[in-house]
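Residue numbers (this note's numbering), protein chains in the order written: chain E, 368 to 585; chain Z, 368 to 585. Glycine included, each C-beta is placed from N, C-alpha and C at the ideal position. Bear in mind that the values here come from a model prediction, so they are computed numbers and not experimental data.
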DNA sequence: TATATTTGTTAGTTCAAACAAACTTATTAC
DNA sequence: GTAATAAGTTTGTTTGAACTAACAAATATA
């Protein structure tokens with residue numbers, strides 16, 4: 368059996384690891400706001416359980432089993448977020464905190480039922496992929512809006528960092544998943560961008576925002 | 368803030384206390400399957416927090432605040448059970464275990480939303496009353512089927528002990544909340560009862576079962 | 001009433017998960 | 001290439017929530 372706390376560590380490792388699948392104790396500590404000695408101790412425990420490859424002074428890696436378990440926690444989180452939005456009428460900016468708690472419920476039937484009632488969704492309300500029951504993640508190739516060039520027409524497909532503030536800002540600007548927009552110009556000084564959707568008039572987005580918007584190119 | 372564990376103690380105290388609102392350390396220990404010293408220690412902590420009246424060698428009582436908190440945990444549990452049955456399609460025998468976990472979620476909005484989507488239900492799927500947001504419980508006067516006499520016509524209104532086995536048995540016998548039945552005879556030897564509903568042929572219920580069925584008299 | 005049994009309490013232990021302090025190893029800068 | 005800084009580790013403490021062993025109080029029984 369795996370504890371609530373252990374699930375949180377695995378999820379964080381999976382979510383914040385680099386391209387090689389590695390993360391340092393220090394980075395993990397910062398992301399979790401838990402002091403390094405505590406993280407270090409937990410890594411030894413997870414290593415005992417066969418979920419983490421741990422070697423002194425080396426970056427951490429998840430084992431295959433660790434990766435699968437982490438993906439299944441993420442699955443529970445994202446299914447819950449989707450359920451809260453689609454079936455209970457919550458806003459996409461409200462669901463993260465609730466899902467953080469519900470993701471630890473131990474009941475496969477409960478999450479299977481959500482999945483079924485939702486019609487087996489591929490993505491959560493922020494566009495992040497929902498891992499399948501085997502822990503496999505189907506990821507799309509998306510580009511940050513910041514990388515796009517003037518004249519590009521792209522569709523908002525996902526939000527890189529789903530903080531409440533950013534999501535509220537997007538509500539305010541009437542930018543939703545699926546919204547098509549065209550880049551009109553980029554200010555070279557601060558990389559702010561003027562964009563245009565079919566429904567609203569042109570608007571400026573700061574680089575801080577365009578870095579977080581993940582777009583699909585046709 | 369109140370912990371998951373503390374919530375469970377309060378809920379158990381509230382649920383198992385006697386008519387005077389009292390319960391002994393020993394009884395509580397048995398209901399929770401937690402050893403007496405642990406229970407005793409927790410009672411001292413809850414007493415520090417002003418939730419329990421604790422005096423050495425005397426039976427335990429909840430304070431007014433303790434009672435309210437306990438009722439609010441029970442509210443979360445019963446709303447969840449109702450939601451799982453009505454909105455997610457679970458059977459009434461499946462929901463207790465899941466609700467035991469979800470009742471500890473800290474999110475008033477989440478439970479308010481359930482309440483709203485359910486249309487502010489008065490009872491859970493087993494007929495138990497759902498406390499209101501102030502912790503007040505509206506209880507009906509119900510009689511055990513075992514107390515009824517031949518010729519009595521009564522309606523199944525609640526199940527005293529909602530164990531999975533009993534609920535499955537009732538499924539099997541096609542007895543649901545709201546089912547009207549007439550007592551045809553009682554066997555004095557073992558107090559088993561012959562009953563008849565409008566839809567099925569007469570059936571025998573053992574005293575073990577009739578003690579658990581709570582009926583409404585017209 | 002004296003004894004036995006049940007119930008309640010105290011003291012001390014364990015484990016998980018957090019912390020701080022102090023130390024070691026690795027990396028960066030001069 | 002050594003000193004300074006950053007990162008990682010070890011050791012020991014704390015708190016919550018469980019346990020056992022041992023003792024004390026209350027109740028039941030002979």
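Nearest-angstrom Cα separation, counted from residue j out to residue i
| i | j | result |
| --- | --- | --- |
| residue 488 of chain E | residue 481 of chain E | 10 Å |
| residue 410 of chain Z | residue 581 of chain Z | 32 Å |
| residue 492 of chain E | residue 584 of chain Z | 49 Å |
| residue 389 of chain Z | residue 456 of chain Z | 37 Å |
| residue 478 of chain Z | residue 575 of chain Z | 35 Å |
| residue 435 of chain E | residue 558 of chain E | 39 Å |
| residue 508 of chain Z | residue 394 of chain Z | 26 Å |
| residue 448 of chain E | residue 426 of chain E | 31 Å |
| residue 378 of chain E | residue 471 of chain E | 11 Å |
| residue 565 of chain Z | residue 451 of chain Z | 29 Å |
| residue 561 of chain E | residue 458 of chain E | 26 Å |
| residue 406 of chain E | residue 421 of chain Z | 39 Å |
| residue 476 of chain Z | residue 544 of chain Z | 29 Å |
| residue 490 of chain E | residue 374 of chain Z | 35 Å |
| residue 499 of chain E | residue 542 of chain E | 28 Å |
| residue 423 of chain Z | residue 416 of chain Z | 17 Å |
| residue 563 of chain E | residue 469 of chain Z | 43 Å |
| residue 386 of chain Z | residue 369 of chain Z | 26 Å |
| residue 506 of chain Z | residue 573 of chain Z | 27 Å |
| residue 522 of chain Z | residue 382 of chain Z | 24 Å |
| residue 412 of chain E | residue 570 of chain E | 50 Å |
| residue 376 of chain Z | residue 502 of chain Z | 17 Å |
| residue 408 of chain Z | residue 408 of chain E | 29 Å |
| residue 538 of chain Z | residue 428 of chain E | 50 Å |
N-terminal and C-terminal residue of the beta strand (DSSP E) that residue i is part of
| i | result |
| --- | --- |
| residue 582 of chain Z | 580–584 |
| residue 570 of chain E | 570–572 |
| residue 560 of chain E | 560–564 |
| residue 352 of chain E | Any answer about residue 352 of chain E is impossible in this case: the structure gives chain E only from 368 up to 585. |
| residue 553 of chain Z | 547–553 |
Segment limits, alpha helix (DSSP H) that includes residue i
| i | result |
| --- | --- |
| residue 443 of chain E | 431–453 |
| residue 408 of chain Z | 403–415 |
| residue 378 of chain E | 371–383 |
| residue 513 of chain E | Here residue 513 of chain E belongs to no alpha helix (DSSP H), and DSSP marks it neither H nor E. |
| residue 396 of chain Z | 392–399 |
| residue 478 of chain Z | 475–485 |
| residue 497 of chain E | Taken as a continuous stretch (DSSP letters only), residue 497 of chain E belongs to no alpha helix (DSSP H), as it is neither H nor E. |
| residue 556 of chain Z | Careful: residue 556 of chain Z lies outside any alpha helix (DSSP H) and carries neither H nor E. |
| residue 539 of chain E | 531–539 |
| residue 471 of chain E | Segment: none, residue 471 of chain E is in no alpha helix (DSSP H) and carries neither H nor E. |
Proximity of residue i and residue j at Cβ, strictly below 8 Å
| i | j | result |
| --- | --- | --- |
| residue 504 of chain E | residue 517 of chain E | no |
| residue 441 of chain Z | residue 474 of chain E | no |
| residue 380 of chain E | residue 438 of chain E | no |
| residue 392 of chain E | residue 403 of chain E | yes |
| residue 531 of chain E | residue 460 of chain E | yes |
From the options, residue whose alpha carbon lies closest to that of residue i
| i | options | result |
| --- | --- | --- |
| residue 568 of chain E | E:453, E:463, E:540 and E:451 | E:540 |
| residue 519 of chain E | E:525, E:526 and E:511 | E:511 |
| residue 371 of chain E | E:453, E:452, E:443 and E:427 | E:443 |
| residue 546 of chain E | E:530, E:529, E:558 and E:525 | E:525 |
| residue 454 of chain E | E:478, E:408, E:434 and E:485 | E:485 |
| residue 432 of chain E | E:530, E:447, E:544 and E:414 | E:414 |
| residue 579 of chain Z | Z:533, Z:565, Z:570 and Z:479 | Z:533 |
| residue 513 of chain E | E:549, E:423 and E:463 | E:549 |
| residue 528 of chain E | E:463, E:570, E:501 and E:566 | E:463 |
| residue 419 of chain Z | Z:426, Z:425 and Z:430 | Z:430 |
| residue 494 of chain Z | Z:416, Z:515, Z:446 and Z:471 | Z:446 |
| residue 536 of chain Z | Z:499, Z:577, Z:490 and Z:563 | Z:577 |
Open item on the list: Using a Cβ distance threshold of 8 Å, determine whether the region 553–569 of chain E contacts the region 396–413 of chain Z, with at least three qualifying pairs required.
Closed with: The region 553–569 of chain E, when compared against the region 396–413 of chain Z, does not touch it at the 8 Å Cβ threshold.
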